[in-house]
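Below is one structure; the comments refer to it alone.
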Amino acid sequence: MNPYIIEAVNRQIKAEFEAGFLYLAFSVNLHAYGLPGMSHWMREQYREECGHALRLISHLELRNAPVQIPSVNHPEYKWERPQDLFTLALEHEQRITSAIHDLLELCMREKDYAMQVLLFDYVKEQVEEEHQVEEIARQLMLCGSNVEELLGLDARLASRSSTAWE
Ligand SMILES: [Fe+2]
């Protein structure tokens with residue numbers, strides 16, 4: 005496997021875990037705020053991001069390429085309302101999308117077809133991820149300061165089932 009691709013995939017593994025930890029932090033924030041449904045939604049998102057990282061790890065293993073288990077940090081953030089966390093999540097997803105596109109371009113240039121096939125799933129997944137987060141951010145904006153509507157949305161998000169893939 006091309007060493008530049010191995011390095012870039014290891015960087016993406018770190019980015020996926022970092023996204024996961026960011027969502028885990030959001031989940032804890034939302035739980036403390038009193039919104040268990042949104043907290044649950046973010047925790048599912050955490051699981052999903054770990055699934056993305058694990059799938060990349062498995063692919064490197066299959067091809068006998070070295071895997072670096074990253075030390076995971078997530079960026080500092082400030083928030084006041086739940087809406088801020090979903091807006092931050094959307095911005096983060098947009099950064100992940102461009103990182104996936106950069107990685108795919110590298111794999112195209114270097115003719116790594118197997119990695120391209122795997123990454124097409126990620127490209128597709130990012131479209132859904134961005135859409136979901138954006139939709140919730142928009143719905144939160146519509147709720148404004150109406151507590152009843154906020155709790156209704158929270159109850160709906162509590163029913164998200166696990167979609168993590170590994
Ligand atoms: Fe991801």
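Position 141 (the sequence shown) corresponds to 145 in this note's numbering; numbering is contiguous.
Glycine included, every Cβ here is placed at the ideal spot set by N, Cα and C.
No experiment lies behind these values; they were computed from the predicted model shown.
The count of Cβ pairs closer than 8 Å, one atom from the stretch 116 to 126 and one from the stretch 37 to 55, stays below three, leaving the stretches out of contact. Closest in C-alpha terms to E65, from the list G156, M5, C147, comes M5. In this structure, A93 lies near Y27, with their beta-carbon atoms less than 8 Å apart.
Listed by position in the chain, the residues whose beta carbon lies within less than 6 Å of some heavy atom of ligand 1 are E20, A23, E53, H56, I100.
Boundaries of the alpha helix (DSSP H) harbouring K128: 117 to 147, taken from the DSSP string. Within 10 angstroms of the beta-carbon of F30 lie 16 or more other beta-carbons, which makes it buried. When DSSP assignments are scanned along the stretch 80 to 116, the uninterrupted stretches of alpha helix (DSSP H) that are 4 or more residues long and fall wholly within it turn out to be 86 to 113. The Cβ-Cβ distance between A162 and H96 does not fall below 8 Å. The three-state secondary structure of N77, taken from DSSP, is coil.
In the three-state scheme derived from DSSP, where H, G and I count as helix and E and B as strand, V71 is classed as coil.
In the DSSP assignment, S31 falls within the unbroken alpha helix (DSSP H) covering 7 to 37. One thing to note: L108 has its Cβ no nearer than 8 Å to the Cβ of V137. Membership of S43 in the alpha helix (DSSP H) is indicated by the continuous run 40 to 66. Judged by DSSP in its simplified three-state form, R160 adopts helix.
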